[in-house]
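So the structure is just underneath, and the comments pick up after that.
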Ligand code: HEM
């Protein structure tokens, strides 16, 4: 039930994410909000969260087979850079775009939700506050359009 709530929350956060944060002052437009990046423990914390997320993924019968023959060290490194980038950290994601890297894998909504659940578990384990977790999830949610094929 909690998982269903999380998934619904994820998509509703995405739907609401465009409002409320505009700045009208020139100096504010250049300010970068690093609160979430810091709450994740900066780059080292993000790396740990991605590592722990993979431990959960590789035990989850719904999705572990997707990662049975992949270069998981490479994927973890890309995810770390991607999350760091999304959280306004000093990183640049240089991996393959989401559509190209997932095309043909036949990823369904249930797989996507399972991966988000693994991320949630890892963020909880690493004491990232719920509000800060949502700062990352709101950036990831729109990617479902490029990742889910079924
Ligand atoms: C928001 C959700 C997701 C994000 C942000 C994400 C991100 C990424 C990234 C950054 C890569 C590496 C891209 C590169 O090659 O440079 C990757 C690859 C991959 N992802 Fe995802 N992913 C997501 C969801 C999923 C889901 C739900 C699955 C399956 C359950 C999945 C399975 C894979 C696999 C198998 C690869 C390796 C593909 C290959 O080696 O050819 N991903 N993903």
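Residue numbers (mature numbering (1 follows the signal peptide of the UniProt record, and there is no 0)): -26 to -1, 1 to 124.
Glycine included, C-beta positions come from ideal geometry on N, C-alpha and C.
Residues surrounding the ligand HEM [beta-carbon distance to nearest heavy atom under 6 angstroms]: 37, 40, 41, 44, 49, 52, 53, 56, 69, 70, 75, 76, 79, 81, 85, 86, 89, 114, 117, 121
Among 62, 87, 43, 118, the one whose alpha carbon lies nearest that of residue 9: Here residue 9 is taken as the residue at index 35 of the chain shown, counted from 1. Residue 9 has its Cα closest to that of 62, out of 62, 87, 43, 118.
Given a cut-off of 8 angstroms on the beta-carbon distance, is the pair residue 81 and residue 121 in contact? Position 107 of the chain shown, counted from the first residue, corresponds to residue 81. Position 147 of the chain shown, counted from the first residue, corresponds to residue 121. Yes, the Cβ-Cβ distance between residue 81 and residue 121 is below 8 angstroms.
Measuring CA to CA, which of 105, 52, 73 is closest to residue 28? For the purposes of this step, residue 28 is taken as the residue at position 54 of the chain shown. For residue 28, the nearest C-alpha among the options comes from 52.
Give every residue of the same chain whose Cβ lies closer than 7 angstroms to the Cβ of residue -3, excluding the five residues on either side of it in the sequence, and list them in chain order. Position 24 of the chain shown, counted from the first residue, corresponds to residue -3. With a pLDDT of only 47 at residue -3, under the threshold of 50, the placement of this residue in the model should not be trusted, and no figure is reported.
Runs of alpha helix (DSSP H) lying entirely within the segment 6 to 59, each at least 4 residues, in chain order: 9 to 13, 16 to 31
Based on Cα-Cα distance, which residue from 56, 73, 89, 108 lies nearest to residue 36? As a first step, residue 36 is located in the chain shown; it is residue number 62 there, counting from the start. Closest by alpha carbon: 89.
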